[in-house]
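Engineer: Dumping the structure here so I can ask a few things about it.
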Amino acid sequence: MIGAVLFHVLGVRDYTVHHDLDALVYALLLAGPLALLWRRRAPIAVFAVAASGSIAFASIASPHWSYAVAPVIALYSVSCGGRHRVAAVAGGSAYAAYLLVTLVLMERIGLPGTPPGLRESLLLGAAVAGAVLAGVVARSYGEQVAAITKVREEQDRARAEQERRQASEERLRIARELHDVLGHHLSLINVQAGVGLHLMDSRPEQAREALSAIKTASAEALREVRSVLGVLRTEGEAAPRKPALGLNRLEELTADAGFPVRTVVKGEPRELPAEVDRAAYRIVQEALTNVRRHAGPSPDAVVTINYLPSALHFSIRNDGPATDPPTSPLTDPSTNQGADPATDQSATRERSSLRDPPRDASRDGLRDGPRGVDPGVGGPGEGGSGIAGMRARAESLGGRFAAGMLAEGGFLVSVVLPVGSQE
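Take 154 as the starting number for the sequence shown in the working numbering and just add one per residue.
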């Protein structure tokens with residue numbers, strides 16, 4: 154505004170040589186620059202005031218470029234505000250009014266001002282057009298900057314959300330691993346500790362075997378916990394290495410189950426994707442843990458591994474009375490066969506577990522908990538996330554999971570994990 158006032162003062166130097174500045178001249182001189190104070194709130198009204206004052210002053214003075222400063226600034230504000238057509242119409246109308254007053258009315262009614270020449274008229278027209286175009290460019294640039302800023306903010310939010318989601322998934326994965334490791338080994342330790350305490354006086358040799366099993370289970374639990382917690386180390390720091398958990402350790406897992414486990418393998422065993430191999434191991438481990446917790450005083454189980462062309466189908470079954478409707482067996486999408494491989498007599502290989510609990514434990518009335526199903530499916534038993542965790546593992550790999558009581562008695566966990574076609 155101060156600059157506009159100074160430009161107006163420069164423009165009236167010639168006028169003040171021959172005329173005194175009265176109140177009207179002061180009003181016309183200051184109307185435009187003062188109106189610029191409100192150009193962001195009411196740009197159209199400000200332009201109207203500034204243009205009217207400049208045209209009126211031009212009619213009584215010599216032509217000078219400084220008269221157009223305030224109207225041009227106001228016109229730029231109109232165009233920059235997004236009203237491009239309004240700015241073009243208003244600027245054109247004001248320019249036409251200026252020419253009408255200074256070129257036509259000034260001579261006809263005898264106004265004291267000096268008519269502008271061709272050069273001044275063209276420069277003023279260029280200034281009006283330039284103000285409109287500058288506003289269009291500034292508006293477009295501002296919108297582009299705002300759009301880029303918005304995209305970056307959305308990307309930052311999406312990146313932050315992804316990082317939070319990844320952190321949450323990592324915490325869930327670690328929690329699931331810890332649950333599987335601790336749940337399996339602590340359950341085994343609990344059973345063997347009960348056996349050892351019960352047989353300590355009457356059968357010390359079997360009690361010694363139970364204590365040895367506790368030592369082995371606790372050592373393995375410590376090793377696996379260290380392996381799981383290794384992911385929490387800082388990047389680049391070496392973590393302890395051990396053989397990857399997978400079905401290659403199934404024999405060891407069933408041997409340490411603490412009860413008779415029969416293993417049935419169908420198809421030709423082959424190398425599986427690491428995530429599928431590890432998930433299968435963990436699901437079998439958790440299912441055997443549930444059998445030990447809930448299947449009564451003398452549990453047994455059958456673990457069936459079926460290597461299909463495009464999937465790995467495995468199940469864990471233990472016998473017992475049925476309390477719920479049977480679970481529908483899973484089907485292999487490539488064969489459409491729904492038979493449970495755990496009961497299929499065409500198995501190519503069978504292996505018995507290497508270690509059974511003391512036989513007198515069941516006769517002496519030892520029990521590890523009520524018979525039933527895991528709480529994850531609504532049955533009785535201890536708290537935990539066994540069934541839910543197994544289902545989450547299977548579904549995270551695009552697999553299918555089912556678990557429930559069978560009509561003929563017993564409980565079945567059946568899983569299909571896609572592995573891709575065998576080359």
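Cβ coordinates follow ideal geometry from the N, Cα and C atoms, glycine included.
Computed from a predicted structure; not experimentally measured.
For A188, count neighbouring Cβ atoms within 10 angstroms of its own Cβ and tell me buried if that reaches 16, exposed if not.
Structural biologist: Buried, by the Cβ-count rule.
Engineer: Measuring straight from C-alpha to C-alpha, what distance separates P224 and A204?
Structural biologist: Whole-angstrom Cα-Cα distance: 5 Å.
Engineer: Which ranges would you report for the beta strand (DSSP E) in the segment 271 to 296 if only whole runs of at least 3 residues count?
Structural biologist: For the segment 271 to 296, not a single whole beta strand (DSSP E) run of length 3 or above is found.
Engineer: Using the Cα positions of L275 and S246, report the straight-line distance between them to the nearest angstrom.
Structural biologist: The alpha-carbon atoms of L275 and S246 are separated by roughly 15 Å.
Engineer: Does the distance from the C-beta atom of R131 to that of L398 stay below 8 Å?
Structural biologist: Residue coverage of the chain in this structure runs from 154 to 576, which leaves residue 131 outside it and unanswerable.
Engineer: In chain order, what residues of the same chain have a beta carbon less than 7 Å from the beta carbon of G234, not counting five sequence neighbours either side?
Structural biologist: The residues are P196.
Engineer: Whose C-beta lies closer than 6 Å to the C-beta of L341 among residues of the same chain, with five residues either side of it excluded?
Structural biologist: Within the same chain, L341 has close Cβ partners A370, G411.
Engineer: Tell me whether S468 sits in a helix, a strand or coil according to DSSP, three-state version.
Structural biologist: The answer is strand: DSSP assigns S468 an E or B state.
Engineer: Assuming T442 is part of the alpha helix (DSSP H), what are its boundary residues?
Structural biologist: Run containing T442: 427 to 447, per the alpha helix (DSSP H) assignment.
Engineer: Going by DSSP, what residues sit across from S567 in a beta bridge?
Structural biologist: Answer is S468, A555.
Engineer: Using three-state DSSP, classify R614 as helix, strand or coil.
Structural biologist: No answer is possible for residue 614: the residues shown for the chain start at 154 and end at 576.
Engineer: Which one of L256, A287, V569 has the shortest CA to CA distance from L461?
Structural biologist: Out of L256, A287, V569, V569 has the C-alpha closest to the C-alpha of L461.
Engineer: Check whether the Cβ atoms of F554 and A547 lie closer than 8 Å to each other.
Structural biologist: Yes, the pair counts as a contact, with Cβ atoms nearer than the cut-off.
Engineer: With 16 other CB atoms within 10 Å as the buried threshold, where does L277 fall?
Structural biologist: Label assigned to L277: buried.
Engineer: Identify which residue in D453, A433, A227, G185 has its Cα closest to the Cα of A545.
Structural biologist: Among D453, A433, A227, G185, the Cα nearest to that of A545 belongs to A433.
Engineer: To which residues of the same chain is L519 closer than 7 Å at the C-beta, ignoring the five residues directly before and after it?
Structural biologist: For L519, the predicted structure reports a pLDDT of 29, less than 50, and the residue's modelled location is therefore unreliable. A value from the coordinates is still provided. G347, V348, H351, P450, listed in sequence order.
Engineer: Just to confirm my understanding: we take L403, look at its own chain, exclude 5 residues before and 5 after, and list those with CB closer than 8 Å. What are they?
Structural biologist: T416, Y434, V437, V456, I458.
Engineer: By how many angstroms is the C-alpha of Q297 removed from the C-alpha of S250?
Structural biologist: Position check: residue 250 holds Ala in this sequence, whereas Ser was assumed. Approximately 35 Å between the Cα atoms of the pair.
Engineer: Taking DSSP as the reference, what is the three-state secondary structure of I458?
Structural biologist: DSSP places I458 in strand when its eight states are reduced to three.
Engineer: What first and last residue would you give for the alpha helix (DSSP H) that runs through R231?
Structural biologist: Looking at the sequence itself, residue 231 is Val, so the reference to Arg does not match. Looking at the DSSP string, the run of the alpha helix (DSSP H) that includes V231 is 222 to 233.
Engineer: If you run the structure through DSSP and keep just helix, strand and coil, what is V572?
Structural biologist: In this structure, V572 counts as coil in the three-state DSSP scheme.
Engineer: For G557, count neighbouring C-beta atoms within 10 Å of its own C-beta (all shown protein chains included) and say buried if the count is 16 or more, exposed if not.
Structural biologist: G557 comes out buried.
Engineer: Looking at the structure shown, is R415 part of a helix, part of a strand, or coil, going by DSSP?
Structural biologist: Correct three-state label for R415: strand.
Engineer: In chain order, which continuous runs of the alpha helix (DSSP H) of length 4 or greater are located wholly inside the segment 307 to 355?
Structural biologist: Counting only runs of 4 or more, we get nothing.
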